[in-house]
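Student:
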Amino acid sequence: MYLILFGPPGAGKGTYAKMLSEWFNIPVIATGDMLRDAIDKETPLGKKVRNYVQNGKLVPDDLMERVVAQELDSDDADDGVIFDGFPRNVNQAEMLGQLLRNKNRKIELVIELNTDDEEIIRRLSNRRVCPKCGEIYNLKNHPPQNNNMCDVCGTEIVQREDDKPETIKYRLKVYREQTAPLLQYYRNQPVEYIQLNTSGQLDDGIQRLKQKLEEIDISSI
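Taking numbering that gives the first Met the number 0, the leading residue of the sequence shown gets 0, the next gets one more, and so forth.
#1: Quick one: does threonine 197 have its CB under 8 angstroms from some CB of chain D?
#2: Do glycine 45 and alanine 37 have their C-beta atoms closer together than 8 angstroms?
#3: Might you give, ordered along the chain, the residues of its own chain that have their beta carbon closer than 6 angstroms to the beta carbon of isoleucine 135, omitting 5 neighbours on each side?
#4: Who are the near neighbours of lysine 47 in its chain, counting only those whose CB is closer than 7 angstroms to its CB and skipping five residues on each side?
#5: Over the uninterrupted alpha helix (DSSP H) stretch that includes alanine 179, give me the two end residues.
#6: Can you give me the Cβ contacts of aspartate 161 inside the same chain, cut-off strictly under 7 angstroms, excluding the 5 residues immediately before and after it?
#7: To the nearest angstrom, report how far apart proline 43 and glycine 84 are at their CA atoms.
#8: Quick one: using the 10 Å Cβ neighbour count with 16 as the cut-off for buried, is glycine 70 buried or exposed?
#9: By the 10 Å Cβ neighbour count, where 16 or more other Cβ atoms means buried, how is glutamate 214 classified, buried or exposed?
#10: List the residues that DSSP assigns as beta-bridge partners of methionine 148.
#11: Considering only DSSP beta bridges, list what asparagine 113 is partnered with.
#12: Along the chain, where does the beta strand (DSSP E) that runs through leucine 62 open and close?
#13: Under a Cβ-count criterion, where at least 16 other Cβ atoms within 10 Å of its own Cβ denotes burial, should asparagine 50 be classed as buried or exposed?
#14: Just to confirm the assignment, what range does the alpha helix (DSSP H) spanning asparagine 50 have?
#15: Once DSSP output is grouped into helix, strand and coil, what is the label at leucine 57?
#16: Hey, how far is the Cα of leucine 212 from the Cα of aspartate 202?
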């Protein structure tokens, strides 16, 4: 199954993508993580996208197409993929549709996550990540056990450049203006469409998502 997770930054796309990956046994293409990794490793791609990512701007479509096409060519993507962070605009959505049609595949499910802006700013301002293994923490409700060191690998956790308050507000503005029109685009497509409010406790959100998935009968798509 090929599905897309939508939602503003901080809505929980990474968390829900990980769970969906385990439920359906398909990989996640998290373009944001891939771009940040390229930046950290100073690859040619990383050098091209550094300023865009660190300032909360959208990476040009041609660069994103190369990244996603490469991932779809992987054997791991044959049975399905969860797209987290892509597409970001209608042009990218059409581009993705063509990439999948070239492989006789299509998007079958879209999940839209919603959270109010105040909650997003609170979450992201307190978010920290491990630069080595990618583990995610929150200083308020999910801090590491050993001060600022990752529980998984022992590396010092850091705040992402695009998680600083001034950048968060800009990222939300970009999302509303450029990404939100995608929601209407996919509502008009022959795909299953789920809306999920991710404010509140994670366990509650998980249960609501499971119920919604049962209602649309995943086995039939």
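Each residue gets a CB set at the ideal place from its N, CA and C atoms; glycine is no exception.
Tutor: If we stick to the structure as given:
#1: Considering every chain present, this structure includes no chain D. It has just one protein chain.
#2: yes
#3: Val128
#4: Leu62
#5: Alanine 179 -> no alpha helix (DSSP H), and no H or E assigned at all.
#6: Val52, Gln53, Gly55, Arg170
#7: 21 angstroms
#8: According to the sequence shown, residue 70 is glutamate rather than glycine. Glutamate 70 is buried by the Cβ-count criterion.
#9: exposed
#10: Asn145, Glu155
#11: Asn196
#12: Element bounds for leucine 62: not the beta strand (DSSP E) but the alpha helix (DSSP H), 60-71.
#13: exposed
#14: 43-53
#15: coil
#16: 15 angstroms
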